[in-house]
Structures are given as structure tokens and as C-alpha cells.
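Contents: one structure, followed by commentary.
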Amino acid sequence: MAFNLNIANCNLHLLLCILLAGDIATNPGPVQSRRMPDNNCLEVRLYLNARNVKSFVSTDNIPARKVCKITLIQDLVYGCNYEVICICETWLNNTIIDSELLPGFNIFRQDRI
């Protein structure tokens with residue numbers, strides 16, 4: 326007896342195999358409910374293209390008042406309760422240590438050589 330599986334029945338076949346496998350729900354949903362941030366920030370993930378975190382930028386449209394971008398990034402991160410933060414900085418190197426970037430966070434980085 327030959328079994329012929331054509332493409333039209335492939336998804337149904339996979340679904341049946343998964344359901345017959347045992348204790349598997351079709352859509353189990355989240356394991357735990359998500360907590361909302363304390364200070365009305367709705368985002369729990371942050372992606373930021375930093376572009377030279379070592380530079381100084383003017384704030385409040387006052388050219389004489391300059392602040393390091395690291396400080397601005399820290400203010401943004403600590404101002405909200407982010408769970409995951411991704412910062413893209415193509416020129417980051419070993420002159421900036423992890424504790425200088427975001428104290429209290431686990432930093433995973435891949436610096437240029």
C-alpha cells in the first residue's frame with residue numbers, strides 16, 4: 326500500500342502529526358501574563374541606532390550646552406522599564422567599557438577590531 330502525500334494535504338498532515346504527538350496545544354499562548362511598566366511607558370523593547378555614542382550633542386537647541394550621547398541613552402533607557410534593549414553602534418570599541426554604557430544591564434557586544 327503506497328502513501329501519496331501531495332502538497333495540498335501537507336499542512337493538514339503536519340497538524341495531525343503534532344496533535345497526535347501528545348500534550349501539545351494548537352495555540353498555548355503566553356506562559357505568564359506580562360507586567361506593565363510602572364511609569365506609563367508602553368514599550369518594553371527598544372531598538373536604537375546610536376551613531377557615535379562617544380560624541381557630544383547640543384540639547385534644547387542651545388549650541389553651547391552639550392551632553393554626551395551615552396548620558397542621553399542612559400536617560401532614555403532608565404526613564405522607561407525596558408526588558409530588552411538593542412543598540413546598534415558600528416564604531417563601538419574597547420575604549421568604552423560595559424559599566425560605562427548601561428550600569429545594571431547584561432551587555433552582549435561585538436566590537437570592531
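Just so we're aligned, residue 326 is where the sequence shown starts under the working numbering, counting upward by one.
Using N, Cα and C, we set each Cβ at its ideal position, and we do this for glycine too.
Cβ distance (whole Å) where residue i is taken to contact residue j below 8 Å
i: residue 457; j: residue 392; result: In the structure as shown, the chain begins at 326 and stops at 438. Residue 457 is therefore absent and cannot be evaluated.
i: residue 434; j: residue 417; result: 7 Å
Cβ shell of residue i (< 8 Å), same chain only, five flanking positions each side left out
i: residue 311; result: Only positions 326 to 438 of the chain appear in this structure, which leaves residue 311 out of reach.
Backbone CA spacing between residue i and residue j [nearest angstrom]
i: residue 437; j: residue 385; result: 33 Å
i: residue 382; j: residue 394; result: 7 Å
i: residue 420; j: residue 407; result: 26 Å
i: residue 429; j: residue 337; result: 48 Å
i: residue 388; j: residue 380; result: 14 Å
Residue i - containing beta strand (DSSP E), residue span
i: residue 426; result: First-last for residue 426: 423-426, but that is the alpha helix (DSSP H), not the beta strand (DSSP E).
i: residue 384; result: 381-384
i: residue 294; result: Residue 294 lies beyond the range of the chain shown here (326 to 438); nothing can be said about it.
i: residue 370; result: 370-374
Closer than 8 Å to chain D by CB, residue i
i: residue 401; result: Among the chains in the structure shown there is no chain D, since it carries only a single protein chain.
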